[in-house]
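First the structure, in the form of structure tokens, and then the observations on it.
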Amino acid sequence: FPFVRLLNRSGLGLVRLLGIPPSRTQGGMYAEEIQHLINLSREQGLLEAEEHQLISNVFHFTTTTAREAMRPRADMVVIEASTPFEEILRVFEKTGYSRLPVYRGEMDNIIGILHGKDLLRYLRQPERFRLEAVLHRPLFVPDTAPLDEVLRQMRQQKSHLALVVDEYGAIEGLITLEDVLEELVGEIADEHDLDEERIHVRPDGTILMEGSVTVREVNRRLQLNIPESDEYTTIAGFIMARLGKLPLPGDQVVHNGVAFIVEKVEGRRLAQLRVESVASGSAQGNTHSS
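Count along the sequence shown from 1, add 18, and you get the number used in the numbering used here.
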């Protein structure tokens, strides 16, 4: 991808700009020093806020894992291999996605990636459609893979989507090229994002969000400073870790003066929550402060 080459070429110029000899950046032991200089440059007005954020993101890029940036399994849209052509078309039309994983039997058995554009040739003769003939080889990455390695593999395989697997080979989620680049440049809005907004700020200042939104995304977009942990990646995971039980509507967690209130639960899954300042709402239900 051209963006990767641009980062590689700009790396030495960046450290020289910060006054660091390039030879000192060869090892990871200087990462904290570089981050300190970046923050200092921002405090002294040498960097604009956007520049500071982008440069910081670049240095954090190699330590962020696929698991932290992926879309969780519960939010994946997948197609079973025996699905009729007409139903496959409806799934693409309804979701707006251009690529979807295809599985056979069970979801952990992903056999390929289907591109929506490959369906066009069969619109007039759907009886000629053979799914196996148009599937693309899936890319699998471990959940512990750093994002720079995920990006390298995407580039090598010319893939815009990768399946994230755990140590047992089970599917944990998926990660797209857009997800990876958003870790560098921030939120990238497209038509699908506008239709399916997962974080919605209401006129009264309260926020509705889906439980599957990652903690990293919440912190990046709302600056709520929610602690990250190996125990969870999503805001639902954070809430459940603090509650110590399966959530019920009305349960809430208060963190740094902000209340996270459970709005909707589907089965055992926290589907939606409301976020508001503690001063704007009353503490009701099961409340946990952190």
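Where a beta carbon is used, it is the ideal one built from N, C-alpha and C, also for glycine. No experiment lies behind these values; they were computed from the predicted model shown.
I need the DSSP call for residue i, collapsed to helix, strand or coil.
| i | result |
| --- | --- |
| residue 109 | helix |
| residue 233 | helix |
| residue 270 | strand |
| residue 117 | strand |
| residue 250 | strand |
| residue 89 | strand |
| residue 84 | helix |
| residue 191 | strand |
| residue 137 | helix |
| residue 103 | helix |
| residue 221 | coil |
| residue 202 | helix |
| residue 264 | coil |
| residue 10 | The question about residue 10 has no answer here: the residues shown for the chain are numbered 19 through 308. |
At which residues does the beta strand (DSSP E) containing residue i begin and terminate?
| i | result |
| --- | --- |
| residue 279 | 276–284 |
| residue 96 | Careful: residue 96 lies outside any beta strand (DSSP E) and carries neither H nor E. |
| residue 179 | 179–183 |
| residue 156 | Unbroken run through residue 156: none, as it is neither H nor E. |
Can you give me the start and stop residues for the alpha helix (DSSP H) that residue i sits inside?
| i | result |
| --- | --- |
| residue 255 | 253–261 |
| residue 289 | Note, residue 289: premise wrong, no alpha helix (DSSP H); beta strand (DSSP E) at 287–295. |
| residue 226 | Unbroken run through residue 226 is the beta strand (DSSP E), 225–228; no alpha helix (DSSP H). |
| residue 168 | 165–175 |
Using only alpha-carbon positions, find the residue among the options that is nearest to residue i.
| i | options | result |
| --- | --- | --- |
| residue 190 | 215, 145, 267 and 125 | 125 |
| residue 286 | 176, 171 and 92 | 92 |
| residue 172 | 117, 193, 80 and 261 | 193 |
| residue 266 | 279, 102 and 275 | 279 |
| residue 162 | 81, 259 and 290 | 81 |
| residue 181 | 130, 228, 259 and 221 | 130 |
| residue 117 | 220, 95 and 260 | 95 |
| residue 244 | 272, 222, 83 and 264 | 272 |
| residue 123 | 101, 259 and 176 | 101 |
| residue 137 | 169, 167 and 103 | 103 |
| residue 174 | 157, 251 and 241 | 157 |
| residue 149 | 159, 84 and 132 | 132 |
| residue 11 | 143, 89, 198 and 183 | An answer regarding residue 11 cannot be provided, because it is not within the stretch 19 to 308 covered by the chain. |
With a cut-off of 8 angstroms on the beta carbons, I'd call residue i and residue j a contact; round off their distance for me.
| i | j | result |
| --- | --- | --- |
| residue 86 | residue 234 | 6 angstroms |
| residue 295 | residue 275 | 6 angstroms |
| residue 121 | residue 98 | 6 angstroms |
| residue 228 | residue 239 | Between residue 239 and residue 228 the Cβ distance is about 13 angstroms, and since that is not below 8 angstroms, they are no contact. |
| residue 183 | residue 160 | 6 angstroms |
| residue 79 | residue 202 | 6 angstroms |
In angstroms with no decimal places, state the Cα-to-Cα distance between residue i and residue j.
| i | j | result |
| --- | --- | --- |
| residue 153 | residue 185 | 26 angstroms |
| residue 145 | residue 107 | 14 angstroms |
| residue 290 | residue 218 | 11 angstroms |
| residue 225 | residue 293 | 5 angstroms |
| residue 46 | residue 179 | The pLDDT assigned to residue 46 is 45, lower than 50, so where the model puts this residue is not dependable, and the model offers no usable value. |
| residue 299 | residue 253 | Any answer about residue 299 is weak, because its pLDDT of 49 lies below 50 and its placement is not dependable; what the coordinates show is given next. Looking at the two C-alpha atoms, the distance is approximately 20 angstroms. |
| residue 127 | residue 223 | 43 angstroms |
| residue 288 | residue 251 | 14 angstroms |
| residue 301 | residue 262 | Reliability fails at residue 301, whose pLDDT of 48 lies under 50, so the model's placement of it is uncertain and no value is given. |
| residue 8 | residue 147 | For the chain, the structure presents residues 19 to 308; residue 8 sits outside this window and is missing. |
| residue 134 | residue 232 | 27 angstroms |
What I want to know is whether the C-beta of residue i ends up closer than 7 angstroms to one or more non-hydrogen atoms of the ligand GDP.
| i | result |
| --- | --- |
| residue 283 | Ligands displayed in this structure: none; no statement on the ligand GDP is therefore possible. |
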